[in-house]
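K.L.:
The numbers in full-length UniProt numbering rise by one with no breaks, and the one at position 130 of the sequence shown is 130.
Virtual Cβ for every residue (Gly too), placed ideally from N, Cα, C.
Predicted model, so just to flag it, every value in this text is computed and none were measured.
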Amino acid sequence: MAIPFPDLDPYTTLNLTSKSTESEIKKSYKKLCLKYHPDKQHNKSEKEQDEAKLLFEKIQFANLILSDPVKRRKYDQTGSFEEVTDDGFDWFEFFNQCKVEITEESIAKDKKAYQGSSDEEEDIIESWLETNGDFLQLFENIPHIEINKFDEERLFNKVSLLIDDGVIESTKKWEQYKSQRNKKFNKLLRSIKDESGEAEELKREILKNKKLDTEDDLKALIQQRNSGRIDSLIDKLESKYGNKKVSKGTKGKSTKGKNKKSEYEIDDEEFEKIQKKMRK
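#1: Assuming L66 is part of the alpha helix (DSSP H), what are its boundary residues?
#2: Taking just the CA atoms, how far does R181 sit from S191?
#3: Is it true that the region 58-69 meets the region 9-25, where meeting means three or more beta-carbon pairs spaced less than 8 Å apart?
#4: Here's the rule I'm using: 16 or more other beta-carbon atoms within 10 Å means buried, otherwise exposed. How should S28 be labelled?
#5: Using a 10 Å radius around the Cβ and a threshold of 16 neighbouring Cβ atoms, would you call P6 buried or exposed?
#6: N148 by DSSP, collapsed to three states: which one?
#7: Using the C-alpha atoms, what's the distance from K58 back to T78?
#8: Measuring straight from C-alpha to C-alpha, what distance separates K71 and L138?
#9: Would you identify the three-state DSSP class for N186, choosing helix, strand or coil?
#10: Distance check for D39 and S232, CA to CA, integer angstroms please.
#11: Count the other CB atoms, across all protein chains shown, that sit within 10 Å of the CB of F135; report buried if there are 16 or more and exposed otherwise.
#12: Pop quiz: E121 and I142 are said to be a contact at Cβ under 8 Å. What is the actual Cβ separation, rounded to whole angstroms?
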């Protein structure tokens, strides 16, 4: 099989330079995987999902080259993948193996290790410099951050400490946020509540449409009620109201209604087909 991305720059793809260290490669790869993994794209449009899927494959390819010292050295010397990759290498199988499911358990484990670490501090500093001190952008750029009072307080204290220590500089945006802190953050919270309202509307519509004629009907319904930032909303609703597991390694915690029939009037085989198509 031909090399999938012959003109790809692996360094640019992973936001690195030719002088990046092994630890920097691992860090950037992990961060990009968490952002563009197919399992994290269910609340995006079909076009955005396709774009993320392509970028995810490029990320895998770039990491395959840069994480291997021999492959990286050959690429640096020639600027080509011709002598780096094996002609008999099965790229299709490689990309399929890369699509490891992200479970709630794996996310929780990564979050525990990440928060409060030097990696998180470096990401905060990087975001601060890129956004000219836009505090609220940290909620978009920093992994595992949730929009709640606890994380706002934690980030606020961390940024204040970094400024006091001279690691980063105070900015006009930061001073404006401090002067209107409650007002600005409450506005962000209200926007999240609005999205939660959309989630409730989606739930009611799913229950009302107990029988859907085709899998396209279900997909159209979900896309119509796209709830923006609410990660894995569809998976959670399907798990709760379709009596299905979200993914391997995720155990259902509810003990009520274990023996109840699925709310959808379709058999298990058809439901599984729908789920698989939605995740492509």
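P.N.:
By the coordinates alone:
#1: As a first step, residue 66 must be located in the sequence shown, where it is residue number 66. Where L66 is concerned, the enclosing alpha helix (DSSP H) stretches over 46-66.
#2: As a position in the sequence shown, residue 191 is number 191, starting the count at 1. As a position in the sequence shown, residue 181 is number 181, starting the count at 1. Inter-residue distance for S191 and R181 is about 16 Å (C-alpha atoms, whole angstroms).
#3: yes
#4: As a working note, residue 28 is residue 28 in the sequence shown. So S28 counts as buried.
#5: Position 6 of the sequence shown holds residue 6. With fewer than 16 other Cβ atoms within 10 Å, it is exposed.
#6: Within the sequence shown, the letter at position 148 stands for residue 148. It is coil, neither helix nor strand.
#7: The sequence position of residue 78 within the sequence shown is 78, counting from 1. The sequence position of residue 58 within the sequence shown is 58, counting from 1. Roughly 20 Å separates the two Cα atoms.
#8: Numbered from 1 along the sequence shown, position 71 holds the residue referred to as residue 71. Numbered from 1 along the sequence shown, position 138 holds the residue referred to as residue 138. When rounded, the distance between both Cα atoms is 35 Å.
#9: Start at 1 with the first residue of the sequence shown, and residue 186 comes out as number 186. N186 falls in the helix class under three-state DSSP.
#10: Here residue 232 corresponds to residue number 232 of the sequence shown, with the count starting at 1. Here residue 39 corresponds to residue number 39 of the sequence shown, with the count starting at 1. Per-residue confidence for S232 stands at a pLDDT of 46, beneath the threshold of 50, marking its modelled position as unreliable; no derived number is given.
#11: Numbered from 1 along the sequence shown, position 135 holds the residue referred to as residue 135. By the C-beta density criterion, F135 is buried, having at least 16 other C-beta atoms within 10 angstroms.
#12: Here residue 121 refers to the residue found at position 121 of the sequence shown. Here residue 142 refers to the residue found at position 142 of the sequence shown. With a Cβ gap of about 10 Å, E121 and I142 do not count as contacting.
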